[in-house]
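Under our numbering, the very last position in the sequence shown is 181; numbers go up by exactly one each time.
Glycine included, C-beta positions come from ideal geometry on N, C-alpha and C.
Nothing here was measured: the structure is a model prediction, and the numbers come from that model.
Structure first, then comments.
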Amino acid sequence: MNIKRGRPRQYNPDQALDRAMRLFWSKGYTATSLDDLSAATNMNRPSLYNAFGNKEQIYRQAFARFITSMRDDVETNLFSEPDLKLALMEFYHQALNIYFGRDVPLGCFITSTAPAESITHPDIRRDLNRIIREVDLALERRLEIAQESGQWPQDKNAKMVAKLLHATLQSIALRARGGESRRSLKAIYTLAVDTFC
-15 MNIKRGRPRQ YNPDQALDRA MRLFWSKGYT ATSLDDLSAA TNMNRPSLYN
35 AFGNKEQIYR QAFARFITSM RDDVETNLFS EPDLKLALME FYHQALNIYF
85 GRDVPLGCFI TSTAPAESIT HPDIRRDLNR IIREVDLALE RRLEIAQESG
135 QWPQDKNAKM VAKLLHATLQ SIALRARGGE SRRSLKAIYT LAVDTFC
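Set out below in structure tokens:
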């Protein structure tokens, strides 16, 4: 019996999304064209569309891929170290490793690309708000653990301090993209940790 098989897939979806993510991260959503994405992924436009959908769908999949790759790091950095200050310092240190991980510091993929699109792309706005809440809650949970262990005062507002710690993360992401030095950004987050903890 002769069974016809479809042509084997000519692309690696994980690799293609990584390349798309790097392109969006560098150029932003609006400045990235489908031709740019086609060149970066080595896929023609029909193949790109068939594999991932339109430009917004490609961006959202790249967004989700970035979050997935970061989620385990956040959990490890915040919750494996029992000392609150050391955990937060490692959390920010690893963030800088990501922000400065390329020849040109790009900051955070999410902070550098999603806010500008959130007004005109409701799905991107929902994705952005979802990850903001997720990071807020992770930091809040870590502060509550510190309260339970007696490392952090019970009368402190974990929810609001978590938002301020997250705001520090967002600020150093933008500053990294703007060219501020790693040393300067470390001084900022060190002061934030000392102040809040």
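Hey, out of 41, 15, 35, whose CA is closest to residue 107's CA? 41
Other residues of its chain near residue 43: CB distance less than 6 Å, five sequence neighbours each side excluded: 8, 13
Taking the straight line between their C-alpha atoms, what separation do you get for residue 112 and residue 104? 13 Å
Would you say residue 187 and residue 125 are within 8 Å of each other, going by their C-beta atoms? Beyond the ends of the chain as shown, which are -15 and 181, falls residue 187; an answer cannot be given.
Any contact between the region 63 to 82 and the region 158 to 177? By contact I mean 3 or more CB pairs, one from each, below 8 Å. yes
Give the single residue among 58, 163, 68 whose Cα lies nearest to the Cα of residue 132. 68
Touch check for the region 147 to 160 and the region 80 to 99: three-plus C-beta pairs under 8 Å? yes
Counting along the chain, where does the alpha helix (DSSP H) carrying residue 84 start and finish? Per DSSP, residue 84 belongs to no alpha helix (DSSP H) and is neither H nor E.
Look at the Cβ atom of residue 48, then the Cβ atom of residue -3, and state whether they are nearer than 8 Å. no
Less than 8 Å between the beta carbons of residue 80 and residue 161, yes or no? no
Comparing C-alpha positions only, which one of 26, 143, 83 sits nearest to residue 119? 143
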